[in-house]
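Colleague: For the sequence shown, our numbering assigns the number 321 to the initial residue and increments by one for each residue that follows. We put the beta carbon where it would ideally sit given N, CA and C, even for glycine. Every value quoted in this text rests on a predicted model; they were computed, and no experiment measured them. Could you have a look at this structure, given as structure tokens, before my questions?
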Amino acid sequence: MDFKGVYTALITPFTEYNTVDYASLERLVDFQIESGIDGLVPCGTTGESPTLSHEEHDRVISQTIKFASGKVPVIAGTGSNATSEAIRLSQHAQDAGVDAVLLVNPYYNKPTQMGLYLHFKAIAESVSVPCILYNIKGRTGVNLETETLMRLADECRNIVAVKEASGDLVQIEDVIRRRREGFSVLSGDDNLSLDVVRRGGNGVISVASNLFPSQMERLIHSAMDGDYETAERLNTWFSPFFKACFLETNPIPIKVAMARYGHCREIFRLPLCTLEREEHRKLLFDTTDKMMEDIERGDF
């Protein structure tokens, strides 16, 4: 597959009983597809995957595939800090019919580069579906260095892309420059996605597109088509929201915003909880309300 464009890192909606709300999940999937999104990513960081049971994790993936009905690719988050667990999750996702798996750096363990190489190699060799590695040092405590990534991409032909959330544009440029033909580089940070595409990247796995999928689609595809005037205009419009999405730990702000507009309930799994500071809520709502008004006027 050619991984490019905008892939939404889906939130996981919960019921008032703190179970997964599959009815809301189906509506979210429909909303994303109707808005023209390029693909869906269930069970990532934004989907609160660390707090899902194994049974829930498996079912969220299989239900997302069912709801998508083959209309867009589904990339399942199946990473873990235990290699054996990541293999099991990835094999289940493959059996469920997923289009690719997203494998985050092992968190808390802080493996060496050799440990990262052996971890990702073992998972990639256990499945035949495409594998996208997810480099996010801020969440995992370890950086997937470019040399290690290139070795994995060369030796494991089903490692076909990386979600780069290191925040280091120098490193991302190095990956883009050294990658093999057909290897995709997707931004893991909405606020850097335009910069990544400008440098030859292929798109973004987005938090913001949960609420504004068609506008993120237009931003990224305008940049990919070389229409940087439109892309810059949209990026400037999005900028306050990109910042608001990280006023507190992701996915707290985006889920609060989604709840405000009826996409889900404002319910989290502990240890995550709702916005701690009332001024953050006000800033988030002021930002999103203005954006909604702009959309209603036809400005965006």
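Would you check if the distance between the CB atom of V622 and the CB atom of V361 is smaller than 9 Å?
Modeller: Only positions 321 to 620 of the chain appear in the structure, and residue 622 is not among them; the question remains open.
Colleague: Can V480 and A420 be called in contact, C-beta distance under 9 Å?
Modeller: Here residue 480 refers to the residue found at position 160 of the sequence shown. Here residue 420 refers to the residue found at position 100 of the sequence shown. The answer is yes: Cβ separation under 9 Å.
Colleague: Who are the Cβ neighbours of L409 in its own chain at under 6 Å, not counting the five residues just before and after it?
Modeller: Taking the sequence shown and counting its residues from 1, the one referred to as residue 409 is at position 89. Correct list, in chain order: T398.
Colleague: Helix or strand or just coil, what does DSSP make of A402?
Modeller: Your numbering for residue 402 matches position 82 in the sequence shown. Coil.
Colleague: Report yes or no: do three or more beta-carbon pairs, one from the segment 489-496 and one from the segment 362-379, lie closer than 8 Å?
Modeller: As far as the Cβ criterion goes, the segment 489-496 does not touch the segment 362-379, which means the pair count is below three.
Colleague: Report yes or no: do three or more beta-carbon pairs, one from the segment 541-554 and one from the segment 567-586, lie closer than 8 Å?
Modeller: no
Colleague: Taking only the alpha-carbon atoms, compute the straight-line gap between H374 and A388 and give it to the nearest angstrom.
Modeller: On the sequence shown, residue 374 is found 54 positions in, with the first residue counted as 1. On the sequence shown, residue 388 is found 68 positions in, with the first residue counted as 1. Taking the straight line joining both Cα atoms gives about 21 Å.
Colleague: On the premise that A442 lies in contact with T403, defined as a C-beta separation below 8 Å, what is that separation, rounded to the nearest angstrom?
Modeller: For the purposes of this step, residue 403 is taken as residue 83 along the sequence shown, with counting starting at 1. For the purposes of this step, residue 442 is taken as residue 122 along the sequence shown, with counting starting at 1. Their Cβ separation, rounded to whole angstroms, is 5 Å, which keeps T403 and A442 in contact under 8 Å.
Colleague: In this structure, does DSSP put S507 in helix, strand or coil?
Modeller: As a first step, residue 507 is located in the sequence shown; it is residue number 187 there, counting from the start. Strand at S507.
Colleague: Can you tell me whether L422 is helix, strand or coil according to DSSP?
Modeller: If you number the sequence shown from 1, residue 422 lands on position 102. Note: L422 maps to strand in three-state DSSP.
Colleague: Report the three-state DSSP secondary structure of N429 (helix, strand or coil).
Modeller: In the sequence shown, the residue the question calls residue 429 occupies position 109. Note: N429 maps to coil in three-state DSSP.
Colleague: Here's a check: name, in chain order, each residue in its chain whose Cβ is nearer than 6 Å to the Cβ of S344, leaving out the five neighbours to either side.
Modeller: By one-based count along the sequence shown, residue 344 stands at place 24. These residues qualify, in order along the chain: P333, C584.
Colleague: Tell me whether P591 is buried or exposed, calling it buried when 16 or more other Cβ atoms sit within 10 Å of its Cβ.
Modeller: Indexing the sequence shown from 1 puts residue 591 at position 271. Exposed, because fewer than 16 other Cβ atoms sit within 10 Å of the Cβ of P591.
Colleague: What's the gap between the Cα of T505 and the Cα of R498?
Modeller: Within the sequence shown, residue 505 is the residue found at index 185, counting from 1. Within the sequence shown, residue 498 is the residue found at index 178, counting from 1. In the sequence as presented, Thr is not what sits at residue 505; that position holds Val. Whole-angstrom Cα-Cα distance: 11 Å.
Colleague: Below 8 Å CB to CB, which residues in the same chain sit around S314 once its five sequence neighbours on both sides are set aside?
Modeller: With the chain running from 321 to 620 in the structure shown, residue 314 is simply not present.
Colleague: As a quick exercise: from T594, L554, T556, pick the residue whose alpha carbon is nearest that of P571.
Modeller: The residue you call residue 571 lines up with position 251 of the sequence shown. When each option's Cα is compared against that of P571, the closest is T594.
Colleague: Where L422 and L453 are concerned, what is the direct C-alpha to C-alpha distance, given to the nearest angstrom?
Modeller: Position 102 of the sequence shown, counting from 1, holds the residue named residue 422. Position 133 of the sequence shown, counting from 1, holds the residue named residue 453. The alpha-carbon atoms of L422 and L453 are separated by roughly 6 Å.
Colleague: Whole angstroms is fine: what's the gap from M470's alpha carbon to D350's?
Modeller: Here residue 470 refers to the residue found at position 150 when the sequence shown is read from its first residue. Here residue 350 refers to the residue found at position 30 when the sequence shown is read from its first residue. About 36 Å.
Colleague: To the nearest angstrom, report how far apart D488 and V516 are at their CA atoms.
Modeller: Numbered from 1 along the sequence shown, position 168 holds the residue referred to as residue 488. Numbered from 1 along the sequence shown, position 196 holds the residue referred to as residue 516. Taking the straight line joining both Cα atoms gives about 10 Å.
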